[in-house]
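In full-length UniProt numbering, the protein residues as written are 1 to 716.
Encoded as structure tokens, the structure appears first; notes follow it.
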Amino acid sequence: MDDIDEAVYPATINEDLVDYGHVPDDVDDAGGADAAAFLGLGNVTEAAAAPVPPVSESQSCGSKRRSPVWDNFDEILDDKRVRIAAVCKFCRHRLSAKSAAGTGHLLRHQNACKKKADHAKMVQTRLAMNPDGSYRNWEYTPDVARVELCKLIARLDLPLSVADNDAWDDYIQRAHNPRHVRVSRFSTSRDLEKLFIDTINNLKHIVFPGVNSICLTSDIWSGNAKEDYITVVAHFINSDWQLKKHVIGFRLIEEAHTGTNIAERISDVVEAFGMTDKIFAVSLDNASSNNNAMQILAPIFFGYLGVDTDPDNPSKKTYYVVHQRCACHVINLIVKSGLKRLKPYIEIFRTAISYLNASNKRIAEFKDYCLLKGVRPRKFGLDMDVRWNSTYLMLKHLIPYKNVFSVFINGNIGYAALNGEHWYVAEKVCEFLELFYESTIALSGVYYPTSPLVLHHIIEIATHFHECRGDSKLETVIGPMRMKFEKYWKKIPMLYSFAFILDPRAKLRGLHMALDLLAKSTSYNYNLYANEVKHELFKLYNKYENKFAAARPARTAHPSGLTGKRKQAWGKIFGGPGGSGTSGPSSNIPIAGTCELTAYLDSDNVVAYDDSFDILNWWHDHKLTYPVLSIMAKDIMSVPVSTTSSESCFSQSGRILEDRRRRLNPETVEQLIIIKDWELAARRAQHSVEDLELEEKFKNLWLDEDNAGAAAGDES
């Protein structure tokens with residue numbers, strides 16, 4: 001290839017015409033150098049050597065270029081912005097680029113360009129790893145680079161035009177890859193759409209076909225551009241018994257948020273993925289429109305477990321689709337009902353913090369006072385009235401400084417603005433809010449089952465209410481909170497009890513003890529409820545028996561051994577500190593003819609009360625012992641008890657639909673959301689970062705920069 005003479009290969013349309021015995025085209029067809037060479041207009045060397053300014057792909061306004069040969073050429077436009085010439089990016093040779101010239105001469109030059117070949121040889125060979133662990137020589141592939149650019153834009157919420165500028169070209173070409181070719185915003189938009197289609201097809205044809213059932217969460221969000229979006233998220237447990245989550249829809253909803261419109265959007269998304277007969281549960285918040293939507297969706301999504309008809313009333317049907325009302329939304333309602341009564345107390349602390357933060361001089365004086373008292377100096381963040389978790393974080397970081405803060409504020413104001421009663425109420429409220437805050441975090445998990453945890457948190461909340469009875473200063477606050485708690489959770493949803501029973505550490509014995517403990521705090525008799533739970537559990541199991549009994553293998557099981565460390569929650573239920581050990585006879589094969597559910601309930605409880613116990617792993621190890629019951633357990637464990645996974649999409653969309661990007665069309669917004677979620681799912685990093693960011697905002701307000709990284713424990 002090094003010995004090839006470019007003159008052998010006609011580089012312009014004029015050369016082609018001459019070869020065929022025709023008169024050359026017009027003078028300016030191939031640029032000054034080529035025209036001079038053919039027409040004898042003098043020295044062509046200087047004309048050919050003249051520098052030619054490169055023009056980016058995005059500057060072209062002529063016909064749409066389709067040939068990949070343009071990746072190696074820059075365009076030259078005339079005063080009317082018509083493309084007249086192309087310049088090789090490697091040897092800077094100028095060729096015709098008029099539409100009549102075609103691209104054949106460009107392709108021939110590309111193949112014969114010696115400088116391009118030399119440039120390719122100069123690139124140092126790098127190794128890349130194959131999926132099987134072997135290595136290969138890495139090669140720059142523009143198509144791969146463009147796909148990865150789309151992923152980068154989605155993951156980091158970057159503008160679509162991020163790569164369509166000289167600064168990006170300079171950075172990539174000089175620091176990473178000299179063969180980088182600029183990609184326009186319009187090309188990126190097309191690439192993004194292709195990647196989105198590939199992602200959707202991956203979900204449709206690879207991920208979801210291998211799943212028995214799918215649970216949905218959905219919520220609605222109003223953006224800064226006064227546009228409302230509804231999100232649909234799929235939750236499921238795959239064949240490896242790992243809990244997975246994928247956003248499958250983020251649609252603009254322009255109509256009123258009625259139950260009919262919500263149901264229509266959700267069903268459209270589900271039908272597009274062809275999984276109408278796989279829906280086991282739908283988790284929504286407690287809005288009345290969502291209740292109406294569920295009444296419409298149940299007759300559509302009943303295909304997985306079917307429907308029961310009342311023999312006495314054929315028009316009365318029971319659809320086996322779980323409607324899970326968001327547990328975190330219930331917690332939010334409970335907390336807000338109490339904080340309304342605490343507003344006067346909270347306002348006092350807000351005013352004091354605002355007074356301190358309003359003056360740099362006061363902040364400096366407070367810093368000196370803290371150092372004098374041997375306390376690490378810091379500022380304090382203000383909460384947001386509409387977010388109770390920010391109120392908790394404000395009080396959490398303020399209370400350890402109550403002594404120095406009170407003395408400083410009271411001394412500067414001239415009267416006792418903060419007294420002991422204020423701090424007493426603040427500490428009690430902070431205890432309550434901490435309980436609800438931790439429950440919200442725990443029940444918002446993505447990669448572990450949350451349905452078996454709810455009953456534990458209900459008991460914790462009820463016990464705390466019971467212990468605070470008789471406190472005259474808090475009764476006006478606790479009363480409304482207790483009423484709201486009893487409205488939603490006095491009668492526990494069946495899903496929570498089913499999941500609790502299918503935790504091999506609990507079973508029916510554990511449920512009875514948990515209900516007895518709850519009855520002491522609520523003064524409510526749960527005996528009838530316990531019988532109802534057992535009846536409905538067997539009724540549900542029969543549905544699974546009818547559907548999956550044919551797949552039951554006759555194999556032995558592999559028992560698991562597990563130990564425990566932290567046992568507080570189980571210690572409350574079983575009346576002791578708990579213990580650690582191995583599973584009992586539950587690892588044995590059920591006696592022939594015995595119902596799997598009966599055999600499971602009659603076997604000993606697993607004694608492993610620490611946080612490291614993996615329920616999904618236990619059921620995976622015992623899926624041959626309980627082939628049908630394990631499928632039911634998998635479905636129940638996959639139900640998310642909150643819609644936080646849907647709400648986390650809105651924090652992503654808030655970054656995507658910021659003020660500078662309001663003109664993004666709804667289709668592009670959905671593409672960015674789903675691609676970003678897919679990338680996060682591949683790294684199991686779909687956690688909601690909003691609470692972490694909020695906590696960091698309140699935590700990192702230290703005034704001594706030298707110790708900015710010190711632990712929060714230094715506050716005392």
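Built from N, CA and C at the ideal position, the CB exists for glycine as well.
None of the values given here were measured: they were computed from a predicted structure.
ASN72 and GLN686 have their alpha carbons spaced roughly 40 Å apart. With the rule of 3 Cβ pairs closer than 8 Å, the segment 365-385 does not count as touching the segment 417-424.
For TRP221, DSSP records a beta bridge to TYR229.
For ASP164, same chain residues with a beta-carbon under 7 Å away, outside a window of 5 residues either side, are SER58, ARG182, VAL183, SER184 and ARG185 in chain order. Counted as a single uninterrupted DSSP element, the alpha helix (DSSP H) harbouring CYS370 occupies residues 360-372.
DSSP lists no beta-bridge partner residue for HIS620. With fewer than 16 other CB atoms across the displayed protein chains lying within 10 angstroms of its CB, SER67 is exposed. ILE675 places its beta carbon 9 Å or farther from that of LEU160. With respect to the 9 Å criterion, TYR304 and ASP277 are classified as neighbours on the basis of their beta carbons. Only exposed fits ASN617, as fewer than 16 other CB atoms lie within 10 angstroms of its CB.
Taking LEU518 as reference, the option from HIS329, VAL454 and LEU540 with the minimal CA-CA separation is VAL454. Given a length threshold of 3 residues, each whole run of the beta strand (DSSP E) inside the segment 75-105 is given here in chain order: 83-88 and 94-96. DSSP links GLY249 through a beta bridge to VAL232. In terms of CA proximity to ASP198, LYS151 leads the group LYS151, ALA175 and TYR448. Taking the Cα positions, LYS316 is about 53 Å away from LYS697. Between VAL330 and TRP489, the gap from beta carbon to beta carbon is short of 9 Å. Here ASN605 carries a coil assignment [DSSP, helix/strand/coil]. Within the same chain, TRP388 and PHE436 come within 6 Å of VAL335 by CB-CB distance, once the 5 residues on both sides are set aside. Beta-carbon to beta-carbon, LYS244 and PHE236 are separated by about 6 Å, close enough to satisfy the 8 Å threshold. Here the C-alpha atom of GLU679 lies approximately 21 Å from the C-alpha atom of TYR229.
In the DSSP assignment, THR440 falls outside any beta strand (DSSP E) and within the unbroken alpha helix (DSSP H) covering 420-442. Taken atom to atom, the span from the alpha-carbon of SER354 to that of HIS205 is near 56 Å. Per DSSP, GLN173 is one residue of the alpha helix (DSSP H) stretching across 166-175. If you draw a straight line from the Cα of TYR447 to the Cα of ARG684, it is about 8 Å long. Taking a 10 Å sphere around the C-beta of ARG663, we find fewer than 16 other C-beta atoms and assign the residue as exposed. Straight across, the Cα-Cα distance linking TYR544 with ILE631 is about 8 Å. Taking a cut-off of 8 Å on C-beta distances, the segment 304-313 does not touch the segment 255-264, as fewer than three cross pairs fall below it. Look at PHE465 here: in three-state DSSP terms it is helix. The closest CA to that of CYS215, considering only ILE673, LYS634 and GLU467, is found on LYS634.
Restricting attention to beta strand (DSSP E) runs no shorter than 3 residues, the segment 251-315 encloses them at 279-284 and 307-310, ordered along the chain. In the three-state DSSP reduction, ARG505 falls in the coil class, being neither helix nor strand. For PHE73, the beta-bridge partners assigned by DSSP are CYS88. DSSP lists ILE279 as the bridge partner or partners of ILE214. Closest in alpha carbon position to ASN212, among LEU624, SER239 and LYS361, is SER239.
ASP219 is not a Cβ neighbour of THR668, given a cutoff of 9 Å.
In the three-state scheme derived from DSSP, where H, G and I count as helix and E and B as strand, VAL639 is classed as coil.
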